[in-house]
Amino acid sequence: MPAARDLTGTVVVITGATAGIGRAAARQLVAKGAKVALGGRRQERLDELVAELGADNAVGVVMDVRRPADNARLVAAAMEKWGRVDSVVPNAGIGMYGGILDHTDDELTEMMDTNYAGTVWTVRAALPAMLESGGGDVVIVSSVAGFRGGEDEAVYAGTKHAQVGLAGSLDRELRAKGVRVTLICPAGTATEFAVGAGRTEDDPRFAEWLTADDVAHAIVTTLEQPRSLRTAIWTLWSMGQQS
Ligand SMILES: NC(=O)c1ccc[n+]([C@@H]2O[C@H](COP(=O)([O-])OP(=O)(O)OC[C@H]3O[C@@H](n4cnc5c(N)ncnc54)[C@H](OP(=O)(O)O)[C@@H]3O)[C@@H](O)[C@H]2O)c1
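Residue 957 is where the sequence shown starts when you use my numbering, and the numbers rise one by one after that.
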């Protein structure tokens, strides 16, 4: 049986690391011995997480995924500290629910730019360093909304479909260069994202939802897979959620 890869000393760049799935992935990866470069807009959250994980294991960069230069700074911080980048997890995302006429132009632009363009900029920033390190993993956090339309989420689902198209094409482009591309597609996950979408923290439905740690576990397991195989798409539901 092929052994799980040892992640000790591997360097992983994660966007959207100040909360939810990205923060849980950072914690689980450091517990496995990996080093993490963490991106997000909230300085205080990044400082807290780096303090928790240890400055030898983590570096935080205040950045906005919508700006290519910010993504470059995040990758540069990892290179400066550890001299390599093995994997990148474009995870930053926002969700706004409602009909297509219910939001302002600026809100919809923000969602499209963050979820789709942000993913493109993060991959483009990390890829040269990953290729220099001999290949690695691109693990894009999309959604089950990347495969089907949903009620009151037309534009959000569109951004998540766009990530699916991006990943499928990147897989064809990069596999021969030693880069695996995986989509992690969770169903509803109890994070600030879900609360922000009009629900409250005590919403009883959250008890049945995935947790940030569930999704982070899928990210870590993807990175641990032997390099002889790859997971193209990993959809996740909790046992209580209808697929
Ligand atoms: N929760 C769900 O139900 C669910 C289901 C399926 C898929 N997903 C996907 O999972 C991913 C993570 O979501 P989550 O549930 O963990 O949400 P979350 O707890 O709200 O975390 C979102 C993260 O994205 C960051 N972020 C947002 N806009 C950013 C920007 N412009 N630049 C840099 N960072 C930015 C936030 O950090 P700052 O605010 O500090 O910048 C935060 O760290 C998203 O791509 C989402 O679409 C979520």
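Cβ coordinates follow ideal geometry from the N, Cα and C atoms, glycine included.
Being a predicted model, the structure only gives us computed values, none of them experimental.
Asp-1061 sits exposed, since fewer than 16 C-beta atoms from the chains shown fall within 10 Å of its C-beta. Between Ile-1050 and Ala-1110, the C-beta spacing is not below 8 angstroms. Contact between Ala-1048 and Gly-972 holds, since their C-beta atoms are separated by about 3 angstroms, short of 8 angstroms. Here Pro-1160 is exposed: its Cβ has fewer than 16 other Cβ atoms, across all protein chains shown, within 10 Å.
For Asp-1020, there is no enclosing beta strand (DSSP E), since its DSSP letter is neither H nor E.
Contact holds between the segment 1077 to 1097 and the segment 1165 to 1181, because three or more Cβ pairs, one in each stretch, are under 8 angstroms apart.
Judged by DSSP in its simplified three-state form, Leu-1185 adopts coil rather than helix or strand.
Under the Cβ criterion (8 angstroms, minimum of three pairs), the segment 1028 to 1039 does not count as touching the segment 998 to 1010. According to the DSSP assignment, Gly-995 belongs to the beta strand (DSSP E) that extends over 991 to 996.
Of the other Cβ atoms in all chains shown, 16 or more fall within 10 Å of the Cβ of Pro-1142; this residue is therefore buried. When the Cα atoms are used, Arg-1183 and Ala-1163 turn out to be separated by approximately 35 angstroms.
Out of Asn-1027, Gly-1016 and Met-1052, the CA that lies nearest to the CA of Glu-1148 is found in Met-1052. Secondary structure at Ser-1125: helix, using DSSP grouped into helix, strand and coil. Rounded to the nearest angstrom, the gap between the Cα atoms of Glu-1107 and Glu-1088 is 43 angstroms. Taking each of Arg-1023, Ser-1194, Ile-970 and Ala-1025 in turn and checking the Cα distance to Leu-1002, the smallest one comes out for Ile-970. Only residues of its own chain outside the window of five on either side were considered, and among them Pro-958 have a CB closer than 8 angstroms to the CB of Leu-1185, listed in chain order. A buried status is given to Lys-991, since no fewer than 16 other beta-carbon atoms sit within 10 Å of its beta-carbon.
Counting along the chain, the unbroken beta strand (DSSP E) around Ile-1140 starts and ends at 1135 to 1142. Within the model, the alpha-carbon separation for Ser-1043 versus Gly-995 is close to 14 angstroms. For ligand 1, no non-hydrogen atom lies closer than 7 angstroms to the CB of Glu-1164. Leu-1083 has its alpha-carbon roughly 9 angstroms from the corresponding atom of Val-1041. In the assembly as shown, Thr-1075 is a buried residue. Its beta-carbon has 16 or more other beta-carbons within 10 Å. Around the beta carbon of Thr-1145, 16 or more other beta carbons sit within 10 angstroms, so the residue counts as buried.
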